[in-house]
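What follows is a set of notes on a single structure, which appears directly below.
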Amino acid sequence: MTTALLSALPQEQSGLFAALQQPVRVQHAGRHFTSGVLHGQPVVLALSGIGKVAAATTATALIERFGARRIVFTGVAGGVGDGVNVGDVVVAHSYVQHDMDVSPLFERWLVPGYASACLPCDRDLSALLSGAVSAYLQRLGRPFDSKNDSPRLHQGLMASGDRFVNCPEVSQALRTPLLAAGHDVLAVEMEGAAVAQVCVDYGLPFAAMRTISDRADATAHVDFAEFIDTVASHYADHIVRHLLQSLPH
Ligand code: ADE
């Protein structure tokens, strides 16, 4: 069963490419897709592009053209939940599109036609991914990021939207009404909810992990750039290896 491994940025996949066996690279829909074998599993690697539409196109191509039967996203996100710090990891149990608003015709954040504003991730695949993250964080003696001596795993709701959040007021304006409606967002990024929606459409399992690169505040763009260059691929390499070794074939 082919597993698609998706990230937003090339730095996040550099180690996965280096370890890929029998790589076959195909250009399609303006993107590169690389099939091969990674830690004994058939995989296809791709970059989602930035933002929800780019990610939905990539996810659809992975399924329709490259035979992906489950999708795992690894990347970075801005921490907005209490205690969600740079260097921590969030595994999504569900996703909301924070910039979707068809109210008052429909409940705020609901994508019309879907059961809930929160698009679910696959429980079993997410549990395996959480296990891989926990194992990695336990083994990680000295964290890559000196600002966080004891990186933690969080599991919960992530929010995606077509905006890089680098201002505390914007982060609060996004988080507070969601919290008031019972949706406690841990982290924000720009692609996951779109991939979750595509996987709901196709009935395929989806799981996502995001390492926290910044706190979605005024220094977010600096923290983000530094983090993806120095840390993100290490997390992805180790966690994806552990996950693939624990997946059923
Ligand atoms: N990805 C990483 N950090 C982010 C942020 N602050 N906003 C949106 N996407 C992000």
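Residues in the sequence shown are numbered from 48 upward in steps of one, following the numbering used here.
A virtual CB, placed ideally from N, CA and C, is assigned to each residue, including glycine.
Model, not experiment: these values are computed from the prediction.
Taking buried to mean at least 16 other C-beta atoms within 10 Å of its own C-beta, is H201 buried or exposed?
buried
Please determine whether the Cβ atom of E236 lies at a distance below 7 angstroms from any heavy atom of ligand 1.
yes
Ligand 1 and V131: does any heavy atom of the ligand fall closer than 7 angstroms to the residue's C-beta?
no
If you count every other CB in all the chains shown that lies within 10 Å of the CB of K194, and 16 or more means buried, which is it?
exposed
Quick one: grab the DSSP three-state call for R170.
helix
If you follow the alpha helix (DSSP H) that E154 is part of, which residue opens it and which one closes it?
E154 -> no alpha helix (DSSP H), and no H or E assigned at all.
Counted within 10 angstroms of its Cβ, other Cβ atoms place A228 as buried (16 or more) or exposed:
Exposed, since its Cβ has fewer than 16 Cβ neighbours within 10 Å.
Near G239, which residues of its chain fall below 7 angstroms by C-beta distance, leaving aside the five closest residues on each side in sequence?
F120, A139, Y142, M205, S207, A255
Helix or strand or just coil, what does DSSP make of R210?
coil
Answer yes or no: the CB of F253 versus the heavy atoms of ligand 1, is any distance below 7 angstroms?
Result no, Cβ not under 7 angstroms from ligand 1.
Run of the alpha helix (DSSP H) containing A263, from where it starts to where it stops:
No alpha helix (DSSP H) contains A263, which DSSP labels as neither H nor E.
Opposite A255 in the DSSP bridges: which residues?
F120
Could you say which of A124, L184, L291 lies nearest to V235 if we only look at CA atoms?
A124
Measure the alpha-carbon distance for D284 versus L63 and round it to whole angstroms.
6 angstroms
Beta strand (DSSP E) segment containing A108, residue limits:
Careful: A108 lies outside any beta strand (DSSP E), inside the alpha helix (DSSP H) at 99-111.
Opposing strand residues paired with S141 [DSSP bridges]
P167, L204
Sheet register partners of E236 (DSSP bridge)
S207
Assess contact between the region 258-271 and the region 212-226, defined as three or more Cβ pairs (one per stretch) separated by less than 8 angstroms. Is contact present?
yes
So A267 packs on Q58, CB below 8 angstroms; how close in whole Å?
That belief does not hold up - the Cβ atoms of A267 and Q58 are roughly 17 angstroms apart, past 8 angstroms.
Bridge partners of Q244, per DSSP?
Within the DSSP bridge table, the entry for Q244 names no partner.
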